[in-house]
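Report on the structure given below.
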Amino acid sequence: MQAKAEKALIIGAAGFVGSYLTHHLHDDLGRSVVVTKLPRERLGELPAKVVDLDIMDKESIIELLFEERPDEIYHLAAISSVSLAWSNPQLTIDVNVKGSVNLLEALRELFYKPRVIMVGSGEEYGHIRPGAVPIPEDTRLDPGNIYAATKACQNMLSRIYAEAYDLELIMVRAFNHIGPGQLPIFVVSDFCKQAVDIEQGRREPVMYVGNLSAKRDFTDVRDVVRAYAALAAHGVPGETYNVGSGHAVEIRELLDTVIRRSGADIRVETDPAKIRPVDVPIIEADISKLKAATGWEPRIPLEQTIDEVLDYWRRKGEEDGKAV
Ligand code: A2R
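Read in order, the letters of the sequence shown are residues 1183 to 1506 in my numbering.
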């Protein structure tokens, strides 16, 4: 039985997941929380101590760990968008691979062994044959894009560090997570924002979409952060766990749901700019390992998340309207 974790450190908390994870750890689990952000980033009100950190600077990671001595670390800092990685592969490799190694080296140099969640991606599996889903963790990795390749690399390096230096690293492969506040470069947020822009009369009633036949596994971000904390408590070091809903949904179905729940009269058109250079037809997680280790189950249905993301953009649209 492990000692109860008291202090959690979230590295890269200014992104989409960070605030949800901070609230879960603090509000639901009673942890004291330290979060990091890049100096140029701004964070909303959070129940946490906030520290500036660039993971490209290993010495400052060492200083932070030495000073804070967290019981748990959640490594979220990344270039997290597939499309951004296509347009800036060097930066993506620097942040996602070298940045992660900086954290691993800092732990090794300090002989310091907190529980660490290394966040990877379901994209790491890549080219999956339609019959080979749902995807268990021991599937051979065949990344289909640059982002996925960097996360596969992070996973392999973490497994090696866990084994070689006996570090308590637990790797997750997170499948698509969604929720209010996500940037509209991700599909659900993009569709919902476009629907609300049409509802509120900011654009013509046409929605521009990419490849609609791809199938992806979507989980509400609040369910995802519960899984991370459960794995920090119960995951086995050196092991990798899928975090997803266990159910793939066609992007076309997602689009139909957004349009139906928006209620606006919307026409759909393909935008060639939204078609990715390489796309993987189906990604769906096998989540039996996660369930067996933690008892975790997703709680929030897709329709509820879509309603909340639509509401998020409606509120934002009204606020921005007032600001003009
Ligand atoms: O790229 P930015 O300016 O949005 O900043 C991101 C930050 N980040 C860094 N933090 C420290 N040192 C760096 N050199 C560095 N470069 C980027 O990590 C952003 O604030 C944060 C990651 O947040 P998001 O991009 O919103 O990712 P999200 O959705 O919170 O996902 C968290 C993790 C990532 O590892 C994803 O690859 C994975 O879950 O799916």
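Beta carbons are placed, not taken as given, at the ideal position from N, Cα and C, and that holds for glycine.
- Residue environment: residue 1405 is assigned as buried (16 or more neighbouring CB atoms within 10 Å of its CB, all protein chains considered).
- The region 1200-1262 contains, as complete beta strand (DSSP E) runs of 3+ residues, the segments 1214-1219, 1231-1234, 1254-1257 (chain order).
- Less than 9 Å divides the Cβ of residue 1191 from the Cβ of residue 1255.
- Spanning the alpha carbons of residue 1202 and residue 1403 requires a straight line of approximately 7 Å.
- Just so you know, the alpha carbons of residue 1241 and residue 1221 end up roughly 16 Å apart.
- The beta carbon of residue 1206 sits closer than 8 Å to those of 1404, 1407, 1408, 1411, all from its chain and outside the five residues before and after it, given in chain order.
- By the C-beta criterion, the region 1447-1466 is judged not to be in contact with the region 1338-1354, since fewer than 3 inter-stretch pairs fall below 8 Å.
- Apart from sequence neighbours up to five positions away, the residues of its chain that approach residue 1318 with a beta-carbon distance below 8 Å are 1424, 1468, 1470, 1471, ordered along the chain.
- Taking C-beta atoms as the reference points, residue 1380 and residue 1448 count as a pair closer than 9 Å.
- Between residue 1395 and residue 1358, the alpha-carbon positions lie close to 16 Å from each other.
- The beta carbon of residue 1229 is closer than 8 Å to those of 1204, 1205, 1208, 1209, 1215 in its chain, skipping five residues each way along the sequence.
- Look at residue 1493 here: in three-state DSSP terms it is helix.
- Around the CB of residue 1280, fewer than 16 other CB atoms lie within 10 Å, so the residue is classed as exposed.
- Residue 1258 and residue 1195 do touch by the CB rule: their CB atoms are close to 7 Å apart, below 8 Å.
- Straight across, the Cα-Cα distance linking residue 1373 with residue 1282 is about 32 Å.
- Beta-carbon to beta-carbon, residue 1480 and residue 1427 are separated by about 5 Å, close enough to satisfy the 8 Å threshold.
- Distance from the Cα of residue 1260 is smallest, within the candidate group 1375, 1330, 1253, 1289, for 1330.
- When the five nearest sequence neighbours on each side are left out, the beta carbons in the same chain lying within less than 8 Å of the beta carbon of residue 1300 are those of 1257, 1282, 1336, 1337, 1340, 1351, 1352, 1353, 1354, in order along the chain.
- Assigned with DSSP and collapsed to three states, residue 1295 falls in coil, not helix or strand.
- Inclusion of residue 1285 and residue 1243 in the CB contact set at 9 Å is warranted, their separation being smaller than that value.
- DSSP places residue 1358 outside both helix and strand once states are collapsed to three, so it counts as coil.
- Membership of residue 1410 in the alpha helix (DSSP H) is indicated by the continuous run 1403-1416.
- Look at residue 1416: its beta carbon is at least 8 Å from all of the heavy atoms in the ligand A2R.
- A straight-line Cα-Cα distance of about 27 Å links residue 1500 and residue 1453.
- Take residue 1219, set aside five residues on each side of it, and the residues of its chain with a beta-carbon closer than 7 Å to its own are 1195, 1196, 1225, 1232, 1234, in chain order.
- Apart from the 5 residues on each side of it in sequence, residue 1440 sits with its Cβ closer than 8 Å to the Cβ of 1370, 1373, 1374, 1377, 1488, 1492 in its chain, given in chain order.
- Inclusion of residue 1296 and residue 1252 in the CB contact set at 9 Å is warranted, their separation being smaller than that value.
- Leaving aside the five residues that flank residue 1476 on each side, the residues in its chain whose CB is nearer than 8 Å to its CB run, in chain order, 1409, 1412, 1413, 1415, 1416, 1417.
- Around the CB of residue 1387, fewer than 16 other CB atoms lie within 10 Å, so the residue is classed as exposed.
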